[in-house]
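J.: To convert a position in the sequence shown, counted from 1, into the working numbering, add 1.
One structure coming up, written as structure tokens, with questions to follow.
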Amino acid sequence: MPAIKRYHSLFVLFSIVIIFSTVTRTVLLVRALPNLDLTPLLLLKIYGVGFFFDCVTYSYFAIPFALVAALLPDRVFNSGWFRPVVWVVGFILTYLLLFNVVSEYVFFDEFGTRYNFIAVDYLIYTTEVVRNIRESYPVNWILAGLFLLNIGIFFLVKNRLNHSFSSKTTLGKRLGFGLVFALLPAISFLCVDLSLSEISPNNYADELAGNGIYNLVSAFRNNELDYNRFYAKRDDRLVMTRLRDLITEKDNHLASSNSDDITRIIRHDGSERHLNVIVIVEESLSAEYLGAFGSKKGLSPNLDRLADESLFFTHLYATGTRTVRGLEALTLSIPPLPGTSIVKRPDNENFFSWGSVMKSRGYDNKFIYAGHGYFDNMNYFFANNGFRTVDRLDFANDEVTFSNAWGVCDEDLFGKVVSEADKSYKEHRPFFSMVMTTSNHRPFTYPEGKIDIPSKAGRDGGVKYADYAIGKLLANSRQRPWFKDTVFVIVADHCAGSARKVALPVKNYEIPLFIYAPSIIRPQKVDTMLSQIDVAPTVLGLLNFSYTTKFTGRDILHSDNGEGRAFISTYQKLGFIEGNKLLVLSPQKHVDFYTFSRQDGTTTPIPPQEDLLLDGLGYYQGMNYAYKHRLDRLNN
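Here it is as structure tokens:
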């Protein structure tokens with residue numbers, strides 16, 4: 002039929018999308034084999050559900066081509082000039098799909114997942130990302146190879162494309178077939194979501210059953226998930242009462258009887274100690290890389306020594322898998338909310354924060370970042386929550402000896418930290434510096450000759466250089482007059498990777514915490530479980546501050562809850578840990594309960610635990626309620 006013939010190019014596109022997607026899925030499956038408990042049935046599910054998502058993705062791709070095929074009259078569609086236009090568009094589209102195959106592999110190799118929020122960020126912050134990719138991979142050779150491959154594919158499909166250009170049709174018949182192509186994406190939009198790719202308890206299998214392009218668009222659309230719509234919940238009054246009970250302890254009491262009010266008053270005997278505080282937030286510093294946690298690689302001699310000279314916390318969990326999630330937890334002391342971090346959301350000003358507590362006492366607050374602070378909206382967030390920002394643009398030329406796509410090296414960053422501390426000291430002001438590093442990040446480049454691992458050799462080199470730079474920072478600081486009155490807090494933003502067989506692998510959220518002030522704080526090892534949201538209240542407790550707080554975190558050294566609790570998350574799944582039990586809240590109001598082994602991280606499903614669920618909802622639903630009603634803001 003002539004009308005069908007006109008749509009021949011869409012069938013060619015369908016073949017290309019399905020073949021490329023299947024090749025991608027197969028390559029990723031081979032990469033994930035060590036983490037897959039593969040069975041014939043699971044393999045069938047991966048490819049069957051995967052084919053379904055590939056078809057859904059194709060239905061969206063086909064929209065503009067179906068519109069052209071349906072609406073253009075024969076005299077235009079069959080004209081001599083229109084055929085080359087289709088060739089060029091087809092060539093470009095095929096090249097982009099080929100490029101996506103490579104991109105998906107690189108992303109999967111780094112993060113263990115298909116495209117997600119991280120990929121969305123990478124599309125937004127192209128300057129840093131493109132530089133990072135160029136410094137990490139032979140990009141020009143890859144692009145050239147894909148171009149040559151694309152030429153071969155084009156000549157294979159060129160004649161098939163030409164079949165579309167010799168048909169005579171009527172508008173009615175064209176619109177009839179066009180309606181079919183229009184209905185497919187409409188039905189997909191209304192009836193399909195990412196949860197349909199959840200085919201197994203194994204997270205890798207779920208990722209393989211999806212489609213990277215579909216996942217990317219889904220992540221872009223769902224940067225904030227409505228807790229009340231997607232997650233298990235109870236009556237708000239019940240949940241807020243539970244939250245108030247959970248955050249009230251022996252050293253604090255509620256400021257009012259209002260059931261919505263999370264404000265507490267913390268009182269300590271004696272005078273406050275207005276010591277300087279420098280918080281070093283180390284990029285991707287997983288506990289597993291440190292000798293103090295059992296590593297035999299010898300990557301962290303300075304931090305291993307610091308473990309014996311500081312208040313060393315051995316059972317700390319990061320709240321998420323992104324830098325902005327870690328900064329959110331450290332600054333605002335709240336559990337992770339579903340979707341993207343508050344750091345990146347609109348209306349993120351004037352929260353009750355660690356910065357606001359310090360600022361109220363006359364501290365000179367600074368957020369000091371090795372890179373450009375517009376990345377991930379960091380500068381805006383910190384500037385509107387009690388800090389002055391110092392980023393890559395504030396480094397003079399003679400302050401930079403080495404930099405890469407993400408920013409200056411850790412040595413240069415710490416040199417800036419010391420010079421900023423000197424300025425505050427000369428002004429007779431106590432200072433509070435929140436410092437974000439970048440060297441322990443792909444492409445893992447740093448000045449040569451500093452450590453015994455060459456630059457760009459991989460993660461081990463990034464960790465060892467980060468450790469070297471910390472040692473140098475502390476050595477330089479010891480020569481400063483402000484050192485004896487300064488508390489150094491060293492903590493990670495998140496682990497180097499959190500992708501494993503399960504969606505929330507507890508072991509892959511373990512990070513270190515050191516609080517170092519040799520003339521002030523007695524060295525001690527603390528094995529009580531705590532969360533990143535507990536760091537700020539714990540440090541404020543060491544300073545003996547009495548203050549009014551809206552923090553959800555607790556001062557772990559003065560807590561009357563002996564076993565501790567923690568929060569872990571992806572952008573969709575919310576985990577709550579009490580003792581050796583793990584509660585996981587997922588979209589579609591799914592609730593799962595597990596026990597886990599701290600030694601190897603293995604999880605075992607258990608029957609529902611109502612108390613565990615109510616505690617988890619108290620924190621997650623309760624703080625979502627507080628966030629939506631602005632109860633965690635200043636003067637509210």
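The beta carbon of each residue, even a glycine, is placed where N, CA and C say it ideally should be.
Owing to the predicted nature of the structure, the values given are computational and were not obtained by experimental measurement.
So, are the CB atoms of L632 and L613 less than 8 Å apart?
T.: No, these two residues do not count as a Cβ contact at 8 Å.
J.: Identify every run of the beta strand (DSSP E) within the region 529-589, keeping only runs that are complete inside it and at least 3 residues long; order them along the chain.
T.: Within the region 529-589, the complete beta strand (DSSP E) runs of at least 3 residues are 548-550, 566-570, 575-579 and 582-587.
J.: Looking at C-alpha atoms only, which residue of F484, V325, V358 and A497 is the closest neighbour of Y290?
T.: Closest by alpha carbon: A497.
J.: Would you list the one or two residues that DSSP bridges to I369?
T.: DSSP lists V391 and V436 as partners of I369.
J.: What residue ranges within the region 100-181 form continuous alpha helix (DSSP H) runs of no fewer than 4 residues, ordered along the chain?
T.: For the region 100-181, whole alpha helix (DSSP H) runs of length 4 or above, ordered along the chain, are 118-125, 127-137 and 140-163.
J.: Please report how far the alpha carbon of T439 lies from the alpha carbon of A371, in whole angstroms.
T.: Going by the C-alpha atoms only, they are around 6 Å apart.
J.: Per DSSP, E199 forms a beta bridge with which residues?
T.: Per DSSP, none; premise fails for E199.
J.: Name the residue from H442, P41, G356 and N141 whose alpha carbon lies nearest to the alpha carbon of F112.
T.: Minimum Cα distance to F112 is reached at H442.
J.: Return the CA-CA distance between K427 and N366, expressed in angstroms with no decimal places.
T.: K427 and N366: Cα-Cα distance of roughly 15 Å.
J.: Determine the DSSP secondary structure at E283, reduced to helix, strand or coil.
T.: Strand at E283.
J.: Where does P347 fall in DSSP's three states?
T.: Note: P347 maps to coil in three-state DSSP.
J.: Just to confirm my understanding: we take N625, look at its own chain, exclude 5 residues before and 5 after, and list those with CB closer than 6 Å. What are they?
T.: Closer than 6 Å at the Cβ level, and outside the excluded window around N625, lie Y228 and L338.
J.: With 16 as the cutoff for other CB atoms within 10 Å, does H495 come out buried or exposed?
T.: Buried is the call here.
J.: Give me the Cβ distance between W355 and S334, rounded to the nearest whole Å; I'm assuming they're in contact under 8 Å.
T.: Confirmed, Cβ separation roughly 7 Å.
J.: In chain order, what are the residue ranges of uninterrupted alpha helix (DSSP H) at least 4 long that sit wholly in the region 399-430?
T.: Listed in chain order, the complete alpha helix (DSSP H) runs (minimum 4 residues) inside the region 399-430 are 411-427.
J.: Using 10 angstroms around the beta-carbon of Q622, count the other beta-carbons present and answer buried if the total reaches 16, otherwise exposed.
T.: Result: buried.
J.: Can you give me the start and stop residues for the beta strand (DSSP E) that P606 sits inside?
T.: Here the beta strand (DSSP E) through P606 covers T604 to P606.
J.: Determine the DSSP secondary structure at D55, reduced to helix, strand or coil.
T.: Helix, per DSSP.
J.: With burial defined as no fewer than 16 other Cβ atoms inside 10 Å of the residue's Cβ, what is the status of L618: buried or exposed?
T.: It is buried - the Cβ of L618 has at least 16 other Cβ atoms within 10 Å.
J.: Which whole-angstrom value describes the C-beta separation of D468 and N349, a residue pair presumed to lie in contact below a C-beta threshold of 8 Å?
T.: Going by Cβ atoms, the distance from D468 to N349 rounds to 33 Å, so no, they are not a contact pair.
J.: Are Y116 and A220 closer than 8 Å when you measure CB to CB?
T.: Their beta carbons are under 8 Å apart, which means Y116 touches A220 by this criterion.
J.: Taking S311 and F484 to be in contact with their CB atoms under 8 Å, please state how far apart those CB atoms are, rounded to whole angstroms.
T.: Actually they are not in contact, since the Cβ atoms of S311 and F484 sit about 14 Å apart, beyond 8 Å.
J.: What are the start and end residues of the beta strand (DSSP E) that includes K526?
T.: Its beta strand (DSSP E) spans residues Q525 to V527.
J.: Count the other CB atoms within 10 Å of the CB of L414; is the residue buried (16 or more) or exposed (fewer)?
T.: Counting Cβ neighbours within 10 Å, L414 comes out buried, since at least 16 surround it.
J.: Nearest CA to the CA of V57: which residue from D262, L195 and M437?
T.: Among D262, L195 and M437, the Cα nearest to that of V57 belongs to L195.
J.: May I ask you to list the residues that DSSP assigns as paired with N277?
T.: According to DSSP, N277 bridges with T487.
J.: Mind reading off the beta-carbon distance from P444 to N405? Whole number of angstroms is fine, and I expect it under 8 Å.
T.: Yes, P444 and N405 are in contact; Cβ-Cβ is about 6 Å, under 8 Å.
J.: Give me the Cα-Cα distance between G643 and K174, rounded to the nearest whole angstrom.
T.: The question about residue 643 has no answer, for the chain in this structure spans 2 to 637.
J.: Helix, strand or coil for D453 per DSSP?
T.: The answer is coil: DSSP assigns D453 none of H, G, I, E or B.
J.: Are the CB atoms of V668 and V358 nearer to each other than 8 Å?
T.: Past the edges of the chain, shown from 2 to 637, lies residue 668, and the structure says nothing about it.
J.: Please state the DSSP three-state secondary structure of H316.
T.: Note: H316 maps to strand in three-state DSSP.
J.: For V492, write down the residues that DSSP places opposite it in a beta bridge.
T.: DSSP, once it has assigned bridges, lists V282 and L514 as partnering V492.
J.: Could you give the DSSP three-state label for R362: helix, strand or coil?
T.: Residue state, collapsed to three classes: coil.
J.: Anyone know if the C-beta pair for M241 and S257 falls short of 8 Å?
T.: Contact: no.
J.: Grab me the residues of L575's own chain with a C-beta within less than 6 Å of its C-beta, minus the 5 sequence neighbours each way, in chain order.
T.: L586 and Y621.
J.: State the Cα-Cα distance for the pair I214 and L162, rounded to the nearest angstrom.
T.: Approximately 24 Å, taken between the alpha carbons.
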